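**Q**
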Amino acid sequence: AQSVAQPEDQVNVAEGNPLTVKCTYSVSGNPYLFWYVQYPNRGLQFLLKYITGDNLVKGSYGFEAEFNKSQTSFHLKKPSALVSDSALYFCAVRDNTDKLIFGTGTRLQVFP
Amino acid sequence: DAEITQSPRHKITETGRQVTLACHQTWNHNNMFWYRQDLGHGLRLIHYSYGVQDTNKGEVSDGYSVSRSNTEDLPLTLESAASSQTSVYFCASSGSTDTQYFGPGTRLTVL
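First to last, the sequence lines map onto chains A and B. Heads up: the first sequence begins at 1 in my numbering, then just goes up one per residue. Heads up: the second sequence begins at 1 in my numbering, then just goes up one per residue.
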């Protein structure tokens with residue numbers, strides 16, 4: 001069965017430092033992977049996705065994600081964190097019936 | 001600009017009442033989805049539709065129903081609201097690119 005795991009409930013990072021939010025997946029066949037961000041009292045906003053091609057995917061707001069097939073991971077990264085990046089981040093994988101399966105979310109806290 | 005809207009944004013109701021949450025999208029997307037978001041569970045799929053007159057059950061469909069009479073709307077009905085259905089509800093839509101676009105959410109409280 002397809003699944004997504006976000007092993008960290010919360011990630012804390014100082015402003016200006018690099019950040020990583022982890023995601024691992026389990027899927028049969030080629031994975032379609034997504035990252036979404038949720039700001040307080042808002043809906044989810046699409047950040048980026050991996051379908052095929054380059055393992056490093058660039059997205060909105062300076063975020064990028066690295067697809068690693070051997071480690072079944074799709075970690076979200078940003079070279080220099082901003083306080084305004086503080087939000088809830090969700091990783092998702094498309095299952096074999098075109099639905100998205102979401103992880104439980106990771107709260108990113110960027111401290112000034 | 002195309003968008004997806006939900007109404008109401010906040011709703012308080014009593015146990016046993018029927019409640020309908022509206023979702024309207026102007027993307028002209030065929031696919032529409034309803035999720036609920038609860039602490040510790042992330043987003044869980046309630047119902048989804050791949051086109052007019054098509055509806056399917058998701059992971060947590062008990063106590064909920066949907067109907068799809070046109071492309072733009074997928075209302076979610078709670079037949080007899082229960083306290084366990086207190087949650088934040090999100091509607092989403094997608095076209096041919098798999099990317100789902102989400103509405104702003106409805107916070108439902110069942111007393």
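Built from N, CA and C at the ideal position, the CB exists for glycine as well. Quick caveat: nothing in here was measured; it's all calculated off a predicted structure.
So, Gly105 (chain A) versus Gln38 (chain A), is the Cβ gap smaller than 9 Å?
**A** Closer than 9 Å, so yes.
**Q** Would Val52 (chain B) and Arg68 (chain B) be called neighbours here (beta carbons separated by less than 9 Å)?
**A** The answer is yes: Cβ separation under 9 Å.
**Q** Report the residue from B:Asn70, B:Asp98, B:Ile12, B:Thr13 whose alpha carbon sits nearest the alpha carbon of His24 (chain B).
**A** Looking at the Cα atoms, B:Asn70 is the closest of the given residues.
**Q** Quick check on Arg94 (chain A): buried or exposed, where buried means 16 or more other Cβ atoms within 10 Å of its Cβ?
**A** Label assigned to Arg94 (chain A): buried.
**Q** Who are Asp54 (chain B)'s beta bridge partners in DSSP?
**A** The partner list for Asp54 (chain B) (beta bridge, DSSP) reads B:Gly51.
**Q** For Leu43 (chain B), collect the residues of the same chain with a Cβ closer than 6 Å to its Cβ; drop the 5 residues on either side in sequence, then sort them by chain order.
**A** Excluding sequence neighbours, Leu43 (chain B) sits near Tyr35, Gln37.
**Q** Give me the Cα-Cα distance between Gln10 (chain A) and Leu19 (chain A), rounded to the nearest whole angstrom.
**A** Rounded to the nearest angstrom, the two C-alpha atoms are 12 Å apart.
**Q** For the beta strand (DSSP E) that contains Leu39 (chain B), what are its first and last residues?
**A** No beta strand (DSSP E) holds Leu39 (chain B); DSSP gives it neither H nor E.
**Q** If Asn12 (chain A) sits next to Gln109 (chain A), beta carbons under 8 Å apart, how far is it from one beta carbon to the other, in whole angstroms?
**A** 5 Å between Cβ atoms; contact.
**Q** Measuring CB to CB, does Phe34 (chain A) end up less than 9 Å from Leu48 (chain A)?
**A** Going by C-beta atoms, Phe34 (chain A) is nearer than 9 Å to Leu48 (chain A).
**Q** Closer than 7 Å, Cβ to Cβ, to anything on chain A: give me those residues from the stretch 28–54 of chain B, in chain order.
**A** Listed by position, the residues of the stretch 28–54 of chain B near chain A (Cβ gap below 7 Å) are Gly40, His41, Gly42, Leu43, Leu45, Tyr48.
**Q** Under 9 Å, Cβ to Cβ, is there at least one residue of chain B near Thr24 (chain A)?
**A** Closer than 9 Å: no.
**Q** Inspect the beta-carbon positions of Thr20 (chain B) and Leu78 (chain B) and report whether they are closer than 9 Å.
**A** Contact flag set, yes.
**Q** Give the range of the beta strand (DSSP E) segment to which Asn68 (chain A) is assigned.
**A** That run of the beta strand (DSSP E) goes 64–68.
**Q** Have a look at Pro79 (chain A) and Asn17 (chain A) and give me their C-alpha separation to the nearest angstrom.
**A** When rounded, the distance between both Cα atoms is 7 Å.
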